[in-house]
Structures are given as structure tokens and as C-alpha cells.
Amino acid sequence: GNSVTQMEGPVTLSEEAFLTINCTYTATGYPSLFWYVQYPGEGLQLLLKATKADDKGSNKGFEATYRKETTSFHLEKGSVQVSDSAVYFCALYNQGGKLIFGQGTELSVKP
Amino acid sequence: DTAVSQTPKYLVTQMGNDKSIKCEQNLGHDTMYWYKQDSKKFLKIMFSYNNKELIINETVPNRFSPKSPDKAHLNLHINSLELGDSAVYFCASSLVGGEEQFFGPGTRLTVL
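If you read the protein sequences in the order shown, they are chains P and S.
If you count the first sequence from 1, position 49 lands on 49 in my numbering, and the numbers rise without skipping.
If you count the second sequence from 1, position 108 lands on 219 in my numbering, and the numbers rise without skipping.
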């Protein structure tokens with residue numbers, strides 16, 4: 001079946017550090033892939049997406065590239081800020097019309 | 112201007128009670144969803160409605176009953192609340208067949 005696996009959190013970084021949050025998926029066909037972000041006390045917001053292999057999604061300095069050969073969609077940011085502290089969810093959209101989420105990775109950025 | 116709104120934001124109740132959570136979206140979307148987020152932040156879909164018709168019904172106890180009076184509203188009624196129902200419940204909406212979903216702020220349900 002379809003599933004998404006993210007790296008375990010929490011991840012703690014200093015401001016301006018480089019961020020990578022790993023995400024791999026298992027799916028039939030070629031699902032669209034997403035990163036959602038949940039700031040404390042809020043709902044999820046779409047951060048970026050990619051709909052086909054080799055697509056790169058980007059937003060607010062975050063990037064992720066759809067890698068079919070490694071079934072991965074790792075999230076990266078070159079220089080994190082305190083305001084990036086949140087929980088990040090990788091997700092895929094399957095043919096059944098469902099968003100399948102990873103378990104979430106909590107990021108804490110210290111000044 | 113709120114796109115997807117939920118009420119209440121917090122709900123504290125005793126075991127065995129019946130409660131409802133309301134959701135409204137003003138995005139003109141046809142499809143709405145309910146998700147449950149557990150204490151470890153794991154998020155799982157419960158239901159999906161498309162234009163007032165149930166299209167996704169995951170393995171959820173019968174005590175949970177969604178109701179969609181119109182395509183802009185999807186309410187969640189829970190009977191005989193149990194301790195394990197404590198979680199954050201999120202409503203979301205999207206266009207038909209749309210992959211991008213817009214989430215509400217969540218309702219934190221605590222069952223004592």
C-alpha cells in the first residue's frame with residue numbers, strides 16, 4: 001500500500017544552519033508529493049509540492065525534488081530561521097483521492 | 112477572510128458524553144475532510160465528503176458520524192466519547208479531485 005516515512009524528530013538547529021528532513025515513500029503509480037508545515041497551535045499549510053519525477057517544489061527558501069529512482073522527496077533549506085520552528089509533514093496524494101502523511105518531524109531552531 | 116474555520120477550538124468533556132465539532136469553508140470547494148491527529152502528531156484521514164456525499168470512510172468507530180448539510184459545511188458528531196478519542200481534529204477542503212487541501216486550525220478534544 002501507500003506509505004510515507006520521515007526522519008525522526010525532534011531536529012534542533014541553530015539559526016542559519018542547513019536543514020534536511022528526509023522523506024521516502026512507497027506508492028503504486030506516480031503520486032504527487034507534498035510538504036505541509038504546522039506552526040504551533042495552528043492547522044497545516046501547504047509548503048510546497050511536486051507532481052512528477054524530477055520536479056522541484058520550492059517556497060519560502062525551502063526546496064524538495066521528486067526523486068523517482070530513490071522514491072524520495074527530501075526537504076532542504078539553506079539557512080533556517082527561528083520562525084521556521086514547526087512540525088513538517090511529508091505527504092503523497094494517491095489515486096484513491098487520499099493524502100497519506102508521514103509521521104511529522106518537529107524542527108526547533110535556536111537563536 | 113477565514114478560509115476553513117472550525118468551532119470550537121477547544122473541547123473538554125467527560126467520558127460517555129456526545130459532542131459535535133463544526134467546520135465551514137468559504138473557498139467554494141466541493142470536497143471536505145476530517146482528520147485526526149494523535150498525541151504523537153500522526154495525522155490520519157477519517158472521512159471525506161464530495162458535494163454532501165460520503166466518498167471516503169476509513170476504519171472509524173460508528174460512534175463518529177459526519178454530517179454535511181451543504182457543500183460548505185461538514186460537521187463531526189461523536190457519541191459516547193472515550194478516553195482514546197482525545198486528539199486534535201482537523202477539517203480540510205479541496206476542489207473535486209484536487210490534490211491541495213486547505214486545513215482548518217483544529218479542534219483539541221480532551222476526554223476526561
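Yeah, the Cβ is synthetic: ideal placement off N, Cα and C, and Gly gets one too.
Residue nearest to residue i in terms of C-alpha spacing, selected from the options
i	options	result
residue 2(P)	31(P), 19(P), 84(P), 69(P)	31(P)
residue 98(S)	45(P), 97(P), 36(P)	Outside the shown range of chain S, which is 112 to 223, sits residue 98(S), and nothing can be said about it.
residue 126(S)	195(S), 218(S), 217(S)	195(S)
residue 161(S)	184(S), 188(S), 149(S)	184(S)
residue 101(P)	35(P), 8(P), 14(P)	35(P)
residue 107(P)	6(P), 5(P), 13(P)	13(P)
residue 143(S)	113(S), 191(S), 186(S)	186(S)
residue 202(S)	191(S), 135(S), 220(S), 165(S)	135(S)
residue 11(P)	91(P), 95(P), 94(P), 84(P)	84(P)
residue 28(P)	78(P), 88(P), 68(P), 104(P)	68(P)
residue 22(P)	55(P), 77(P), 93(P)	77(P)
residue 20(P)	91(P), 41(P), 73(P), 93(P)	73(P)
residue 63(P)	103(P), 95(P), 18(P), 92(P)	18(P)
residue 33(P)	41(P), 40(P), 51(P)	51(P)
residue 207(S)	115(S), 166(S), 128(S)	166(S)
residue 82(P)	111(P), 99(P), 61(P), 90(P)	111(P)
residue 99(P)	200(S), 171(S), 159(S)	159(S)
residue 128(S)	209(S), 193(S), 176(S)	193(S)
Beta-carbon proximity of residue i to residue j, cut-off 8 Å
i	j	result
residue 141(S)	residue 178(S)	no
residue 130(S)	residue 122(S)	yes
residue 65(P)	residue 25(P)	no
residue 163(S)	residue 198(S)	no
residue 43(P)	residue 214(S)	yes
residue 154(S)	residue 204(S)	no
residue 15(P)	residue 109(P)	yes
residue 180(S)	residue 117(S)	no
residue 59(P)	residue 75(P)	no
residue 174(S)	residue 150(S)	no
residue 211(S)	residue 46(P)	yes
residue 105(P)	residue 80(P)	no
residue 103(P)	residue 6(P)	yes
residue 92(P)	residue 37(P)	no
residue 113(S)	residue 222(S)	no
residue 152(S)	residue 218(S)	no
Residues bridged to residue i (per DSSP)
i	result
residue 118(S)	133(S)
residue 177(S)	187(S)
residue 143(S)	160(S), 204(S)
residue 100(P)	92(P)
residue 198(S)	220(S)
residue 6(P)	23(P)
residue 168(S)	158(S)
residue 138(S)	Bridge partners of residue 138(S): none, in fact.
residue 105(P)	88(P)
residue 110(P)	14(P)
Contact test: residue i Cβ vs the ligand ZN heavy atom, cutoff 7 Å
i	result
residue 183(S)	No copy of the ligand ZN appears in this structure; indeed no ligand is present at all.
Go through the stretch 19-90 of chain P residue by residue and report every complete run of the beta strand (DSSP E) that reaches 3 residues or more, in order. 19-21, 23-26, 32-38, 44-50, 56-59, 62-65, 75-77
What residues from the stretch 42-53 of chain P come within 9 Å of chain S, judged by C-beta to C-beta, listed N to C? 42, 43, 44, 45, 46, 49, 51
Residues of the stretch 61-79 of chain P with a CB closer than 9 Å to any CB of chain S: list them in chain order, please. none
Please list, in chain order, the residues of the stretch 147-162 of chain S that have any C-beta partner in chain P closer than 8 Å. 151, 152, 153, 154, 155, 156, 159
Beta carbons nearer than 9 Å to chain P: which residues of the stretch 162-184 of chain S have them? 166, 167, 169
Within 9 Å of chain P by C-beta, residues of the stretch 129-145 of chain S in sequence order: 142, 144
To be precise: take each residue of the stretch 97-110 of chain P, compare its Cβ to all Cβ atoms of chain S, and keep it if any distance is under 7 Å. Which residues remain? 97, 98, 99, 101, 103, 104
Residues in the stretch 79-96 of chain P with C-beta within 8 Å of chain S's C-beta atoms, listed in sequence order? 87, 89, 93, 96
Can you list, in chain order, the residues of the stretch 25-39 of chain P whose Cβ is nearer than 7 Å to any Cβ on chain S? 32
Using a Cβ cut-off of 7 Å, which residues of the stretch 210-221 of chain S contact any Cβ in chain P, in chain order? 210, 211, 212, 214, 215, 216, 217
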